[in-house]
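Residue numbering for the sequence shown follows the working numbering, beginning at 1 and increasing consecutively.
Step one of this worksheet: look at the structure below.
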Amino acid sequence: MTTAQTPQLDVQPSPLALLLLGRGADPRSERGVECPGDLPEPSDPDLVARARAAKEKLGSKVFVLGHHYQRDEVIQFADVTGDSFKLARDAAARPDAEYIVFCGVHFMAESADILTTDDQKVVLPDLAAGCSMADMATAEQVAECWDVLTEAGVAEQVVPVSYMNSSADIKAFTGKHGGTICTSSNAERALEWAFQQGEKVLFLPDQHLGRNTAVRDMGMSLEDCVLYNPHKPNGGLTAEQLRDAKMILWRGHCSVHGRFSLESVEDVRERVPGVNVLVHPECRHEVVAAADYVGSTEYIIKTLEAAPAGSKWAIGTELNLVRRLADRFAPEGKEIVFLDKTVCFCSTMNRIDLPHLVWTLESLAEGTLVNRIEVDRETEAFAKLALERMLALP
């Protein structure tokens with residue numbers, strides 16, 4: 001009886017496999033795997049005092065931006081809070097600040113670098129704070145998509161519209177091909193502009209915002225939309241489907257907002273009689289259709305500010321913000337609950353924690369520049385062109 005020997009295969013891990021294992025890096029991706037330097041211990045009781053001392057030492061040289069989805073321990077040190085584009089513009093309005101510390105995710109820091117001066121340095125406390133949605137559209141994939149559109153004979157009719165939640169490379173592609181950027185607040189205006197320039201829109205990278213804006217806000221049908229899957233040959237679409245479509249939606253989504261379901265809406269209406277359901281337009285179409293109110297993060301905040309005392313609200317967006325709003329408006333008698341029973345933090349946004357912020361501020365206070373986010377000149381030029389088109393929207 002003989003024992004078969006297992007052959008020794010010379011199998012090399014792919015770059016993607018190494019990246020996911022934390023043993024590689026992709027400079028053109030939202031993902032990062034390294035954070036040089038020694039971080040303070042998360043249990044250090046002096047972290048708050050250390051952050052305050054370092055920030056005070058830096059004075060006007062540092063400007064700290066805090067995205068709405070950041071945890072409370074970080075947001076307390078923000079000079080301004082807001083959504084990604086508002087924060088990037090706030091940074092641009094502070095040219096005297098040498099360091100812009102962006103407590104958010106990678107694409108947000110890129111946008112801040114694009115809009116600030118060459119003398120300013122944008123810093124991301126943790127390079128691993130990326131965005132799963134932004135990662136769903138790489139420059140290579142989008143270039144291949146454009147080749148597919150060209151082969152189908154429709155590229156000349158297509159205007160790209162890219163969501164702010166995209167990498168600098170995707171923003172640059174958009175600018176280079178005559179398109180514009182949009183936020184969740186002005187997506188309808190951006191699409192109206194795009195359809196004045198061409199017959200079709202390639203919407204990147206969030207399929208849900210594109211679909212909800214086209215169908216809910218602009219009266220198109222679901223049949224007017226097709227879904228381009230970068231992982232399938234020709235995006236999984238025929239040339240005829242591309243020719244017939246008005247909206248070519250990229251197969252991307254937000255990992256937080258995509259978790260909300262129609263069952264979530266139905267369940268909360270049973271649990272909380274008289275509740276108002278308020279969701280972000282990154283949610284699935286069926287969730288948006290079943291909600292009472294739909295809008296951007298800023299819209300959600302303003303709606304709750306204007307809500308009458310005693311009103312009840314179920315909010316479909318990131319949990320850090322929902323809990324902060326619930327605490328803020330509780331004294332006014334407003335009941336605010338999370339739309340889903342399942343906890344739904346943005347995992348990459350939560351990578352920016354107090355130890356990373358302390359390490360960043362103390363490093364800068366000592367004269368050591370860490371984790372700088374810098375967009376190359378050519379990418380910056382085309383990305384800024386796309387952003388300027390957005391700023392020029394009526």
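Yeah, the Cβ is synthetic: ideal placement off N, Cα and C, and Gly gets one too.
For residue i and residue j, I'd like the C-alpha separation in whole angstroms.
i: L369; j: R389; result: 33 angstroms
i: L391; j: N186; result: 10 angstroms
i: V322; j: I373; result: 29 angstroms
i: P125; j: I75; result: 13 angstroms
i: E305; j: F329; result: 8 angstroms
i: Q120; j: D90; result: 13 angstroms
i: V268; j: T183; result: 28 angstroms
i: Q147; j: Q196; result: According to the sequence as given, residue 147 is Asp; it is not Gln. D147 and Q196: Cα-Cα distance of roughly 23 angstroms.
i: S84; j: E223; result: 32 angstroms
i: S296; j: Q207; result: 16 angstroms
i: V337; j: V275; result: 9 angstroms
i: S261; j: K341; result: 11 angstroms
i: E380; j: K334; result: 44 angstroms
i: R243; j: E318; result: 37 angstroms
i: A92; j: P394; result: 22 angstroms
i: A143; j: I181; result: 17 angstroms
i: S167; j: M247; result: 21 angstroms
i: Y293; j: E286; result: 13 angstroms
By the 10 Å Cβ neighbour count, where 16 or more other Cβ atoms means buried, how is residue i classified, buried or exposed?
i: P95; result: exposed
i: K211; result: Residue identity check: residue 211 is Arg in the sequence provided, not Lys. Per the 10 Å Cβ criterion, buried.
i: P308; result: exposed
i: R71; result: buried
i: H68; result: buried
i: P233; result: exposed
i: A60; result: Per the sequence presented here, residue 60 reads as Ser, with Ala not at that position. It is exposed - the Cβ of S60 has fewer than 16 other Cβ atoms within 10 Å.
i: E110; result: buried
i: H231; result: exposed
i: D46; result: exposed
i: D376; result: exposed
i: R324; result: buried
i: K384; result: buried
Which same chain residues, not among the five before or five after residue i, have their C-beta less than 6 angstroms away from its C-beta?
i: F63; result: D79, R94, A97, I100
i: P42; result: P355
i: A194; result: V159, V161, V201
Grab me the residues of residue i's own chain with a C-beta within less than 8 angstroms of its C-beta, minus the 5 sequence neighbours each way, in chain order.
i: A54; result: V358, L361, E362, L364, A365
i: S255; result: S132, M133, C346, S347
i: A396; result: The requested residue 396 is not part of the displayed model; the chain covers only 1 to 394.
i: G32; result: With a pLDDT of only 46 at G32, under the threshold of 50, the placement of this residue in the model should not be trusted; the figure read from the coordinates follows. Excluding positions up to five away in sequence, the list reads A25, H106, D126, L127, A128, A129, G130.
i: A155; result: W146, L149
i: L58; result: Y99, L361, L364, A365
Would the C-beta of residue i count as close to the ligand HEM, meaning under 7 angstroms from any of its heavy atoms?
i: E41; result: The ligand content of the structure shown is nil, which means the ligand HEM is not present either.
Just curious, the beta strand (DSSP E) that residue i is in, first and last residue?
i: H67; result: 62-67
i: V74; result: Not the beta strand (DSSP E): V74 falls in the alpha helix (DSSP H), residues 72-75.
i: G82; result: 80-82
i: L202; result: 200-204
i: V226; result: 225-228
For chain D, check one thing: does any of its Cβ atoms lie closer than 8 angstroms to the Cβ of residue i?
i: R328; result: Although the question refers to chain D, the structure presented lacks it and comprises just one protein chain.
If you drop the 5 nearest sequence neighbours on each side, which residues of the same chain put their C-beta closer than 7 angstroms to that of residue i?
i: L191; result: V161, V201, T213, A214, M218
i: R351; result: D126, A128, A129
i: L209; result: Y163, S184, A187, P281, E282
i: V272; result: K312, A314, V337
Quick one: give me the first and last residue of the alpha helix (DSSP H) that residue i is part of.
i: K57; result: 47-58
i: L115; result: 106-115
i: L124; result: No alpha helix (DSSP H) holds L124; DSSP gives it neither H nor E.
i: L209; result: 207-212
*In chain order, which beta strand (DSSP E) runs of at least 3 residues are fully inside the segment 240-317?*
247-250, 276-279, 312-316
*Quick one: which unbroken beta strand (DSSP E) runs of 3-plus residues sit fully inside the segment 127-198? Chain order, please.*
158-163, 180-182
*Along the chain, which unbroken stretches of the beta strand (DSSP E) at least 3 residues long are found entirely within the segment 322-388?*
335-338
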